[in-house]
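> Got a structure for you, written out below as C-alpha cells; questions coming shortly.
Number of protein chains: 2
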Amino acid sequence: MTESETKTEVSPVEDKPKEETAAAGAETTATANEEPPVKEMRAVVLTGFGGLKSVKIQQKPQPTPAEDEVLIRVRATGLNFPDLMARQGALDNLPKAPFIMGFELAGEVEAVGEKVEGFTVGQRVCALSDMKAWAELTAVPAKHCYPLPDGISYQDAAAVLVNYTVAHSLLFDVANIRKGQTVLILSIGGGVGQALAQLCKTVKDVTVIGIASKAKHEQLNDVCHHLLERESYTVTQVKKVAEHGVDVVLDCSCGEDVSRGYSLLKPMGRYVLYGTSFFVSGETKNLFSFAKSWWQVDRINPIKLYDDNKSISGFNMRHLLFQQGQHAYIAEKVATVFDLFKSSKISPVVDSTWAFEDIAEAMQKMHDRKNVGKLLLDPAKEPKPRPVEPEKPVKVGRKESRKDKRNKEKKESEEKSKKEADEKKAAATDKKSDDAKEANDKDASKEEAKKENGDAEEKEKSKD
Amino acid sequence: MTESETKTEVSPVEDKPKEETAAAGAETTATANEEPPVKEMRAVVLTGFGGLKSVKIQQKPQPTPAEDEVLIRVRATGLNFPDLMARQGALDNLPKAPFIMGFELAGEVEAVGEKVEGFTVGQRVCALSDMKAWAELTAVPAKHCYPLPDGISYQDAAAVLVNYTVAHSLLFDVANIRKGQTVLILSIGGGVGQALAQLCKTVKDVTVIGIASKAKHEQLNDVCHHLLERESYTVTQVKKVAEHGVDVVLDCSCGEDVSRGYSLLKPMGRYVLYGTSFFVSGETKNLFSFAKSWWQVDRINPIKLYDDNKSISGFNMRHLLFQQGQHAYIAEKVATVFDLFKSSKISPVVDSTWAFEDIAEAMQKMHDRKNVGKLLLDPAKEPKPRPVEPEKPVKVGRKESRKDKRNKEKKESEEKSKKEADEKKAAATDKKSDDAKEANDKDASKEEAKKENGDAEEKEKSKD
Numbered sequence: 002m003t004e005s006e007t008k009t010e011v012s013p014v015e016d017k018p019k020e021e022t023a024a025a026g027a028e029t030t031a032t033a034n035e036e037p038p039v040k041e042m043r044a045v046v047l048t049g050f051g052g053l054k055s056v057k058i059q060q061k062p063q064p065t066p067a068e069d070e071v072l073i074r075v076r077a078t079g080l081n082f083p084d085l086m087a088r089q090g091a092l093d094n095l096p097k098a099p100f101i102m103g104f105e106l107a108g109e110v111e112a113v114g115e116k117v118e119g120f121t122v123g124q125r126v127c128a129l130s131d132m133k134a135w136a137e138l139t140a141v142p143a144k145h146c147y148p149l150p151d152g153i154s155y156q157d158a159a160a161v162l163v164n165y166t167v168a169h170s171l172l173f174d175v176a177n178i179r180k181g182q183t184v185l186i187l188s189i190g191g192g193v194g195q196a197l198a199q200l201c202k203t204v205k206d207v208t209v210i211g212i213a214s215k216a217k218h219e220q221l222n223d224v225c226h227h228l229l230e231r232e233s234y235t236v237t238q239v240k241k242v243a244e245h246g247v248d249v250v251l252d253c254s255c256g257e258d259v260s261r262g263y264s265l266l267k268p269m270g271r272y273v274l275y276g277t278s279f280f281v282s283g284e285t286k287n288l289f290s291f292a293k294s295w296w297q298v299d300r301i302n303p304i305k306l307y308d309d310n311k312s313i314s315g316f317n318m319r320h321l322l323f324q325q326g327q328h329a330y331i332a333e334k335v336a337t338v339f340d341l342f343k344s345s346k347i348s349p350v351v352d353s354t355w356a357f358e359d360i361a362e363a364m365q366k367m368h369d370r371k372n373v374g375k376l377l378l379d380p381a382k383e384p385k386p387r388p389v390e391p392e393k394p395v396k397v398g399r400k401e402s403r404k405d406k407r408n409k410e411k412k413e414s415e416e417k418s419k420k421e422a423d424e425k426k427a428a429a430t431d432k433k434s435d436d437a438k439e440a441n442d443k444d445a446s447k448e449e450a451k452k453e454n455g456d457a458e459e460k461e462k463s464k465d
Numbered sequence: 002m003t004e005s006e007t008k009t010e011v012s013p014v015e016d017k018p019k020e021e022t023a024a025a026g027a028e029t030t031a032t033a034n035e036e037p038p039v040k041e042m043r044a045v046v047l048t049g050f051g052g053l054k055s056v057k058i059q060q061k062p063q064p065t066p067a068e069d070e071v072l073i074r075v076r077a078t079g080l081n082f083p084d085l086m087a088r089q090g091a092l093d094n095l096p097k098a099p100f101i102m103g104f105e106l107a108g109e110v111e112a113v114g115e116k117v118e119g120f121t122v123g124q125r126v127c128a129l130s131d132m133k134a135w136a137e138l139t140a141v142p143a144k145h146c147y148p149l150p151d152g153i154s155y156q157d158a159a160a161v162l163v164n165y166t167v168a169h170s171l172l173f174d175v176a177n178i179r180k181g182q183t184v185l186i187l188s189i190g191g192g193v194g195q196a197l198a199q200l201c202k203t204v205k206d207v208t209v210i211g212i213a214s215k216a217k218h219e220q221l222n223d224v225c226h227h228l229l230e231r232e233s234y235t236v237t238q239v240k241k242v243a244e245h246g247v248d249v250v251l252d253c254s255c256g257e258d259v260s261r262g263y264s265l266l267k268p269m270g271r272y273v274l275y276g277t278s279f280f281v282s283g284e285t286k287n288l289f290s291f292a293k294s295w296w297q298v299d300r301i302n303p304i305k306l307y308d309d310n311k312s313i314s315g316f317n318m319r320h321l322l323f324q325q326g327q328h329a330y331i332a333e334k335v336a337t338v339f340d341l342f343k344s345s346k347i348s349p350v351v352d353s354t355w356a357f358e359d360i361a362e363a364m365q366k367m368h369d370r371k372n373v374g375k376l377l378l379d380p381a382k383e384p385k386p387r388p389v390e391p392e393k394p395v396k397v398g399r400k401e402s403r404k405d406k407r408n409k410e411k412k413e414s415e416e417k418s419k420k421e422a423d424e425k426k427a428a429a430t431d432k433k434s435d436d437a438k439e440a441n442d443k444d445a446s447k448e449e450a451k452k453e454n455g456d457a458e459e460k461e462k463s464k465d
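Protein chains in written order, with this note's numbering: chain A, 2 to 465; chain B, 2 to 465.
Pasting the structure below:
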C-alpha cells in the first residue's frame, strides 16, 4: 500500500464517514491517530512517472501558506503540454512522485503569509506554480501570483495566463516581430498557437501561416491567413504564399520540422523553439525516441548562422521563472496580456473544460493534438458519467459528492468502487515492482544519455 | 608575365610616356595595338590570394557604367576586416584574382547608366561594392548607391557607411537592444566596435562593457562604461560589473570567446556573431587554424537554447546585400545612420587615412588590431616617403606623379624603379609557380574541408 503510506507520511488525513468516501469512489484511507483533524482537499496527483494510469484524484491535506506565500482557492486551472511531459518524467527538476500536478491557476486569495504585501483575502488572482496547481487549494510564492483585472472570468484568466504570456514573450521579445513580416506557426491549433495568431493581429500587416492537423482545419479557418496541413505541407506550399520565405518560425515541437523551418527563413529570419513536444511520442516516455530526438536535432554551427544571417532562439517559461528567477519580467508580461484582454485585443479560445476526474481524457485529447484552443480543469465541475463497466484508466475520487446527486449515483458508485477495490487489491501486489520499474527506467534513461552524450552531461551540470 | 597578360586581356591600356611610368614605378605595360586610347586609373589590385605582397597598385582601364550602374569618382574608401580575409582568400564567392579590392566608398557621380533613376552627375554619394571600391573610379549598381546628406565629408561618409550600418542592424534588428540592458562588445576598439558603443548611447540606460587590447585602453576610456583587457579578462571580471550577466554579446571573432560569451548571457540573452576574424591568424591564411576554428566552434543544439532561454544570431552584411539581395533593407538602414549623423547622434572615429600606396601598412595595422576606429584610404593622398632601400612589400605605382614634386622625387624614383625592375625580372620566373601554388592551396583547402566536413559541404551547397 505504497500510496496510502506516502499520504500518511505527508500529513495525517481527516477522519471521515466511510460511506461518503466509498460513494465517491475515493481512495483516501482513514488514519487511526487522534490528532486534531487536518482539512483535506481534492487534487490531481501524479503517483509515479508514466502513462495516464499514474494520474489519480486523491484527498490531500490543505496547504497552509508560508510567510512569503499566498493561499489560493482554485477556480480554474489550465492544462499545458508540459503537464504531459511531467507525467512521463520528461521534464527536468521534477519533484519526486507522488506530487500534485499543474502549472497555472486562477482563483481567490484564501489566506496570505505574514510577509506578503499587495494581496488581500478574497482578491481575485491568477498564479504560476511549478506543479501543485491542480488542486482545490494551493499555496504559491507571492512573486508568482498576479492580480486579476475586473471583468475577466477565472476560466478566461487561466486560458490567458500561460498561453498569452508565452506567446507575447515569443513574438515581442524573442522573435522581435515587426510591421509587414510573415510568421509561420508550426502548431497553430493549440492554446499557444492561437494566442500567437491573435497577437500577430496586433501588429500591422503581419501575415500568419499556420500548420495544423487536417482534422482541425474547419475550426481554424479564420485564425490565420494561410492554413496548411501538418500531414502533408511542403516547403513549396509555404513558398507559394511567402515567396521569399518567412521572417519568423515558431516551433513547439523541435522535431522533424526544424530543418524545414530553418530553410524557410528569410535572411534576418528567426527560428524560435518554445517546446519539445516531439519527444512525447506515446502515452509513456519513449526512451528511444527521446534519445533519438536529442541526437537528431541538427546542431548549429554559429558560423552557419553568420553565413545565413539567421537566428535560433529558445524560450522556456518554466525555466525562466522557476530556475532562472525572472519574476519581474514575467509579472510585467502577465500585466501586459491582461491589459490586452481588457481592451479586447485578445480573446482566449477555450477548447473545453473538464472535471479533475476526467483529467485522463483531457490529457489524451491534448496528446492526440485534438484540442483547438485551451483545455481547462474546473475543480467544481461534475465529472462525466462513468460507464457501469469502467474502462477509463483514471480512478476517480471525491471527498464530498454533490448531495443532490448522491442518491441517484449511489448504486452505480458502489458497484464501481467495489470493482475498483478489487482492482486495487490485485494491483497492490504489482504496484511496488511497477514503481520500481518506472524509477529504474528513468534512471536508466539518464545514465544512457550521460554515457552517450557529452553535451547532455554538460546540460545536466548547467542545470545544477 | 601572367600579370601584364591578364591586364591586356581585360582591356587595352593607354599608351603613355615611358619615363612617366618609370618615374612612378608603375607596373603598367604599353600595348602594341592602335585602338583608341583607353583611359586609365589607379587601383589597389589583389594579384593573387595571399600575404601583403599580393596587393599592388596598378593602372587599370577606367570602368564605364552598365545601364543600371552609377560611375563614381572615389574620394574616400574604407578598410574593413573582410578586406584582409579577401586578400587571404578566406571569404566565399570572391572573384578570380587579379581583382580590385574594397567594399565601400564615397565620392561624386561621374556618369550614370541609361536606366538609372534618382542619381545625377556630380551628386555626392556613397556606395557598397563587392570588391572594386579601392580605385579612382568605380561603377556600382544603382541599388547599392546611396545619396549623401549635405555637410558630411567623404571621409566621414566612408567611415560611417559599413560600420554604422552593420552596428545599427546588429543592435536594433538582431540583438533587439532595449532600455536598461547590458551589452558586452568583444572588440570595442575597431570601427564597428566604436559604432556599436556610440549607438548604445542612443538607448536609455544601456550599460556597455567593452573588451580591447590593453594597448588601446588609453584611447578608449570614454567609449564605454567598463573597459576590460582582451589579454586577461575573465568571467568573474564581467560578473563584477554585470552581476547577473549581460543581455547581449557582440562578437566579430568567433574564436575562443564564444563559450565564455554564451555563458555570460542572462536568460533571454542574445549572442550575436558578426565576423569570423579569429580565422585570420597570420599574414596568410592558416589552413590548419581555419579548419580548426570551423570545428572548434561549439555547435549548438537548439534544445540547449530552449533550456537556457538564449539566442544565437549571425549577421553578415556582405552576404545580406550581395548574395541574399536585401537591397531595400540596407538602403533604409544607410538612410537611418546618415540621419543619426546629421543629428549628431553619431560621430565616426577615424583612426587614420592612407594613400593607396600605403595599403600594406594599413592592412598590417588592422591585422595587428592596432587601429582605434576606422582606417580610410584616400586616392588623392600622397604616399609616405619610401626609404631609399625599400623594404616594404608593396610596389608603388601612379599614372601621374604630382608635377610639383616630380623633379624632387625623380632621382629617388629612378633608383627605386631600377631596383624594382630588377626585382621584377627575378620574380617573374618564380611568379607562375607561386600563383599556381596559391591556387592549389586554395583548392586543397576546399577539398580538405569538403572531405572532412559534411556541414561544410552543405554550406557550400546552400551558397549556390
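Glycine residues also receive a C-beta, built at the ideal position from the N, C-alpha and C atoms.
8 Å is my cut-off, CB to CB: does G90 (chain B) come that close to chain A?
G90 (chain B) does not count as touching chain A.
> With a threshold of 8 Å between beta carbons, is C225 (chain A) in contact with chain B?
Not closer than 8 Å to any Cβ of chain B, the Cβ of C225 (chain A) fails to qualify, so no.
> How many angstroms separate the CA atom of R300 (chain B) from the CA atom of P303 (chain A)?
Those two C-alpha atoms are separated by around 7 Å.
> Would you please verify whether the beta carbon of M102 (chain A) is less than 8 Å from any beta carbon of chain B?
No, because no Cβ of chain B sits closer than 8 Å to the Cβ of M102 (chain A).
> Nearest to T48 (chain A) by alpha carbon, out of A:E41, A:Y263, A:K57 and A:Q89?
With distances taken between Cα atoms, T48 (chain A) lies closest to A:K57.
> Report yes or no: do the stretch 266-281 of chain A and the stretch 168-178 of chain A share at least 3 C-beta pairs separated by less than 8 Å?
Touching, per the Cβ criterion.
> Between G123 (chain A) and V110 (chain A), is the Cβ-Cβ spacing less than 8 Å?
Yes, they are a contact pair.
> What whole-angstrom Cβ distance do L251 (chain A) and L197 (chain A) have, given they're in contact under 8 Å?
Contact holds; Cβ gap of about 6 Å.
> Taking Cβ positions only, does G123 (chain A) come closer than 8 Å to chain B?
No, no contact with chain B.
> Would a check of beta-carbon distances place D248 (chain A) closer than 8 Å to chain B?
Cβ-Cβ to chain B under 8 Å: no for D248 (chain A).
> The stretch 304-319 of chain B: which residues have C-beta closer than 8 Å to a C-beta of chain A, in chain order?
Cβ contacts with chain A come from I304, K305, L306, Y307, D308, D309, N310, K311, S312, I313, S314, G315, F316 and N317.
> Using only the alpha-carbon positions, how far apart do Y263 (chain B) and I212 (chain B) sit?
Roughly 15 Å between the two C-alpha positions.
> Taking DSSP's pairing of strands, which residues face F100 (chain B) in a bridge?
Answer by DSSP bridge pairing, in chain order: B:L47.
> The beta strand (DSSP E) spanning L314 (chain A) covers which residue range?
The amino acid at residue 314 (chain A) is misidentified as Leu; the sequence shows Ser. It spans K311 to G315 - the beta strand (DSSP E) in which S314 (chain A) sits, taken as one unbroken run.
> Under three-state DSSP, which class holds Y272 (chain A)?
Strand at Y272 (chain A).
> At least one CB of chain A closer than 8 Å to the CB of C201 (chain B): is that the case?
Not one chain A Cβ lies under 8 Å of C201 (chain B).
> With a threshold of 6 Å on Cβ separation, who are the neighbours of V193 (chain B) within its own chain once the five nearest residues in sequence on each side are excluded?
So the list reads N164, V167 and A168, once near-sequence residues are dropped.
> Count the other CB atoms within 10 Å of the CB of A381 (chain B); is the residue buried (16 or more) or exposed (fewer)?
So A381 (chain B) counts as exposed.
> In chain order, which continuous runs of the beta strand (DSSP E) of length 3 or greater are located wholly inside the stretch 237-265 of chain A?
Whole beta strand (DSSP E) segments, 3+ residues: 247-252.
> Quick one: does T1 (chain B) have its CB under 8 Å from some CB of chain A?
Residue 1 (chain B) falls outside the range modelled here, since chain B spans only 2 to 465, and no answer is possible.
> Taking all protein chains shown into account, do 16 or more other C-beta atoms lie within 10 angstroms of the C-beta of N222 (chain B), making it buried, or fewer, making it exposed?
By the neighbour-count rule (16 or more Cβ atoms within 10 Å), N222 (chain B) is not buried but exposed.
> Given this structure, state the Cα-to-Cα distance separating I210 (chain A) from G270 (chain A), to the nearest angstrom.
For I210 (chain A) and G270 (chain A), the distance between alpha carbons rounds to 15 Å.
> Please classify L92 (chain A): does DSSP put it in a helix, a strand, or coil?
Three-state result, L92 (chain A): coil.
> Is DSSP giving L200 (chain B) helix, strand or coil here?
Here L200 (chain B) sits in helix by DSSP.
> Using 8 Å as the Cβ pair cut-off and three pairs as the minimum, do the stretch 327-342 of chain A and the stretch 344-362 of chain B touch?
Because the criterion of three Cβ pairs below 8 Å is not met, the stretch 327-342 of chain A and the stretch 344-362 of chain B do not touch.
> Around the Cβ of S233 (chain B), are there at least 16 other Cβ atoms within 10 angstroms (buried) or fewer (exposed)?
Under this definition S233 (chain B) is an exposed residue.
> For T203 (chain B), which of B:T337, B:K144 and B:A361 has the nearest alpha-carbon?
The option with the nearest alpha carbon to T203 (chain B) is B:T337.
> Which residues in chain B have a C-beta closer than 7 Å to the C-beta of P148 (chain A)? List them in chain order.
Within chain B, no residue comes near P148 (chain A); the closest Cβ sits about 24 Å away, beyond 7 Å.
> Would you say N302 (chain B) reaches chain A, if we count a Cβ-Cβ gap shorter than 8 Å as a contact?
So, interface residue.
> Please work out which residues of its chain come closer than 6 Å, Cβ to Cβ, to Q63 (chain A), disregarding the five sequence neighbours upstream and downstream, and give them in chain order.
The answer, listed in chain order, is K40, M42 and L138.
> Given that V469 (chain A) touches chain B, what residues does it touch there, using C-beta distances under 8 Å?
The structure shown has nothing for residue 469 (chain A), since chain A only spans 2 to 465.
> Would you please verify whether the beta carbon of C255 (chain A) is less than 8 Å from any beta carbon of chain B?
It does: the Cβ of C255 (chain A) has a partner Cβ on chain B nearer than 8 Å.
> Go ahead and pull the three-state DSSP assignment for R1 (chain B).
This structure cannot settle anything about residue 1 (chain B), because the visible part of chain B is limited to 2 through 465.
> Please report the straight-line C-alpha distance between V480 (chain B) and S254 (chain A), rounded to a whole angstrom.
Lying outside 2 to 465, the shown extent of chain B, residue 480 (chain B) is not represented and no answer is given.
> Expressed to the nearest angstrom, what Euclidean distance is found between the alpha-carbon atoms of G51 (chain A) and W355 (chain A)?
Going by the C-alpha atoms only, they are around 21 Å apart.
> Just to check my reading of the structure: L229 (chain A) and V247 (chain A) have Cβ atoms closer than 8 Å, yes? What is that Cβ distance to the nearest angstrom?
Actually they are not in contact, since the Cβ atoms of L229 (chain A) and V247 (chain A) sit about 12 Å apart, beyond 8 Å.
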